[in-house]
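What follows is a single structure, written as C-alpha cells, with notes after it.
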Amino acid sequence: MDIVYMKKQGGDCVKKYIGILAVMLSLGFLLAACGDNNENGGEDGADGWVENVTILTGGENGVYFPLGVAMAEIMDENVDGVSATGVASGASVVNSNELNDGEAEFALVQNDIAYNAHQGEKMFEEVVDGFSGVFTIYPETIQIVTLADSGIQTVEDLEGKRVAVGDVGSGTEANAKQILEAHDITYDDISAEWMGFGDASTNLQDGNIDAAFVTAGTPTGSIQELAASTDIRIVSISSDKIDQLEEEYPYYTREELDENTYENFDATATTVAVQAMLVVRSDLPEDQVYELTKSIFENTEAMENAHERGKDLTIDTAQNGMSIDLHPGAEKYYNEQ
Ligand code: GLU
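With the numbering used here as the guide, the letters of the sequence shown map in order to residues 1 to 337.
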C-alpha cells in the first residue's frame with residue numbers, strides 16, 4: 001500500500017524507500033549472522049527457538065499459578081536466550097485451546113482434560129491436539145468445599161443449592177459437571193456460579209454460596225485461607241459413585257484427604273483426583289524443549305519453595321498418568337536418564 005501511494009508522489013520517494021528497505025534487510029542479515037555464533041545456535045530464533053516463552057497457569061489462588069511462575073523463573077534464569085513468564089488464566093480447558101492456537105508455549109492442565117482435547121470429545125467440539133506432554137507432577141484433588149454447619153453432607157445434598165463450579169473454561173468445571181451427573185444432578189437442579197477459587201472461598205465465607213468445587217493440589221491456598229477462620233467440610237463421594245466415575249472416566253483415581261490437610265478440618269474425606277501436567281506446544285523445537293525440561297529437573301528447589309506439591313515432581317513419576325504423547329524434546333531427556 002505504502003509503495004503504491006509513494007509512486008504517485010514521484011520517483012525520488014520510491015528510491016528513498018527502496019534504500020531504507022535495503023539497509024533494513026542488510027541489518028537483518030547481519031543480526032542473523034551474529035546470532036549463529038551463539039552457543040546454542042538457536043537462541044535468537046534462527047533454529048526456530050521461541051525467545052519469549054509464556055506458561056499458562058490457573059487463577060492466582062490455585063496451585064498452578066505459583067508453580068507455573070516458579071517454572072518460568074527457572075527457565076528464565078537457567079536457559080540462555082529464553083525469557084519466560086508465568087501468567088494467570090482460566091486453567092485447563094482454555095489453556096488447551098490457547099496452546100493449540102499458538103497463543104502460549106507451555107501450560108499446566110489436568111491429564112483428563114488434555115486427553116479429552118486430543119480426542120476432541122466432551123467439552124471440546126473438535127480435536128485440539130497441537131500440544132504434547134512434558135511431565136505429570138501431582139494429584140489434583142476434587143474438593144467439594146462447604147462450611148461445617150451448612151448441613152451439606154453428601155453430593156446429593158447439593159441439589160437446590162448455590163454451587164461454585166469453577167472458572168469458565170476450567171478443568172474444575174468439567175469435573176463438577178461430571179460428578180454431579182454421576183449423581184443424577186444437572187445444572188438445572190442447582191444454582192451454578194462460575195468463579196475462581198479465591199472468589200469461591202470469599203463467597204462461602206460471606207454466605208453467598210453453599211458449596212464450591214475445587215480441583216487442585218492440596219493444600220489449596222484459597223481453602224487454607226477459608227479454613228484459617230471457619231470450620232469447613234469436604235464432602236465425600238460414596239464408594240460406589242467413585243467406582244462408577246473411575247469406570248466412566250479413566251483418569252479419575254480415588255483419593256483420601258486426612259484431617260491434617262487443613263486447619264479447622266477435623267475429618268477425613270474420600271474423593272477422586274486427576275493429575276496436573278505440564279504440556280508444551282508441539283511445534284517448539286526438540287532441542288529447546290529438551291533444554292527447558294532439563295532446566296526444571298535440575299532446579300526443582302524453586303518449585304518446592306513455591307508450593308508443597310512442587311516436591312512431587314520426580315523423573316521416576318514424571319510419566320505416571322501421562323494421557324497424551326510426550327514431546328520429543330522431553331522424551332529425549334527421559335531416555336538419557
Ligand atoms: N485444575 C484446575 C483447573 O484446570 C486449576 C488448578 C489450579 O489452578 O491449581 O481448573
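Glycine included, each C-beta is placed from N, C-alpha and C at the ideal position.
query                                                                                                                                                                                                           : result
Alpha carbons only, please: which of Gly-221, Ala-269, Thr-202 is nearest the one belonging to Val-235?                                                                                                         : Ala-269
Which first and last residues belong to the alpha helix (DSSP H) in which Pro-66 is found?                                                                                                                      : 64 to 78
Go ahead and label Ile-232 buried or exposed: buried means 16 or more other beta carbons lie within 10 angstroms of its beta carbon, across all protein chains shown.                                           : buried
On the DSSP bridge list, what partners appear for Val-109?                                                                                                                                                      : Met-277
Would a C-beta distance cut-off of 9 Å place Gly-196 and Gly-48 closer than the cut-off?                                                                                                                        : no
Between which two residues does the alpha helix (DSSP H) carrying Leu-292 extend?                                                                                                                               : 286 to 297
Which whole-angstrom value is the C-beta distance of Val-168 and Gly-90, which I expect to be below 8 Å?                                                                                                        : 6 Å
If you pair each beta-carbon of the segment 141 to 154 with each one of the segment 285 to 298, do three or more pairs fall below 8 Å?                                                                          : no
Using 8 Å as the cut-off, can you tell me whether the segment 200 to 208 makes contact with the segment 132 to 139, which would need three or more C-beta pairs spanning the two stretches below that distance? : no
If you compare alpha carbons, which of Ala-200, Trp-194, Ser-170, Glu-159 is closest to Leu-180?                                                                                                                : Glu-159
Kindly give me the distance between the Cβ atoms of Ile-315 and Gln-288, rounded to whole angstroms, as I take these residues to be in contact under 8 Å.                                                       : 19 Å between Cβ atoms; not a contact.
With Val-214 as the anchor, note down where its alpha helix (DSSP H) starts and where it stops.                                                                                                                 : Here Val-214 belongs to no alpha helix (DSSP H); instead the beta strand (DSSP E) covers 211 to 216.
Is it true that the CB of Ser-96 sits closer than 9 Å to the CB of Ala-117?                                                                                                                                     : yes
With DSSP as the reference, label Thr-146 as helix, strand or coil.                                                                                                                                             : strand
According to DSSP, is Ser-132 part of a helix, a strand, or is it coil?                                                                                                                                         : strand
Does the Cβ of Ser-170 lie closer than 8 Å to at least one heavy atom of ligand 1?                                                                                                                              : yes
May I ask which residues mark the beginning and end of the beta strand (DSSP E) holding Val-93?                                                                                                                 : Not the beta strand (DSSP E): Val-93 falls in the alpha helix (DSSP H), residues 92 to 100.
Excluding sequence positions up to five away, which residues of its chain have a Cβ less than 7 Å from the Cβ of Pro-66?                                                                                        : Ala-306, His-307
How about Leu-99: is its Cβ closer than 8 Å to a heavy atom in ligand 1?                                                                                                                                        : no
If you pair each beta-carbon of the segment 323 to 335 with each one of the segment 106 to 122, do three or more pairs fall below 8 Å?                                                                          : yes
Beta-carbon within less than 6 Å of Gln-244's beta-carbon, same chain only, minus the 5 sequence neighbours each way: which residues are those?                                                                 : Ala-182
Among Val-93, Glu-140, Phe-297, which has the Cα closest to the Cα of Leu-257?                                                                                                                                  : Glu-140
When the Cα of Ala-212 is compared with those of Val-163, Lys-311, Met-75, which residue comes out closest?                                                                                                     : Val-163
Flag this pair as yes or no: are the beta carbons of Ala-107 and Leu-99 separated by less than 9 Å?                                                                                                             : yes
I'd like the ranges of any beta strand (DSSP E) spanning at least 3 consecutive residues and lying wholly in the segment 166 to 213.                                                                            : 191 to 193
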